[in-house]
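Engineer: Got a structure for you, written out below as structure tokens; questions coming shortly.
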Amino acid sequence: MSPRARPALLLLMLLQTAVPQGRLLQPSHSGTLIAAVVTGIAVCVIILLIGILFIILRKRQASRGAVGQYVLAECE
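Residue numbering for the sequence shown is -20 to -1, 1 to 56, as defined by mature numbering (1 follows the signal peptide of the UniProt record, and there is no 0).
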């Protein structure tokens, strides 16, 4: 028996034993959990990047104001 056929055969045997007894197989929630964790991490990373972007833009804006004041002082 090939390695690929073994899991399929085991699943078929499991289905044959579970369905006649009235128990339906419930889908695994691990996929949903993984999707939720990945989504949560992605949201945290996006919020972190937006925060860093705001800090960089605030520093640039502050340095522009300082340069403008320096130029005005030179002109006087």
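Just so it is clear, CB atoms sit at the ideal spot from N, CA and C, and this is done for glycine as well.
#1: If we ignore side chains and look at the alpha-carbon of each, how far apart do Ile35 and Ile26 end up?
#2: Given this structure, state the Cα-to-Cα distance separating Met(-9) from Leu28, to the nearest angstrom.
#3: For Ile21 and Gln41, what's the separation of their Cα atoms in angstroms?
Structural biologist: Taking the geometry as given:
#1: Between the C-alpha atoms of Ile35 and Ile26 there is a straight-line separation of about 14 Å.
#2: Note that residue -9 is Leu in the sequence shown here, rather than Met. In a straight line, the C-alpha of Leu(-9) is about 47 Å away from that of Leu28.
#3: In this structure, the CA atom of Ile21 is about 30 Å from the CA atom of Gln41.
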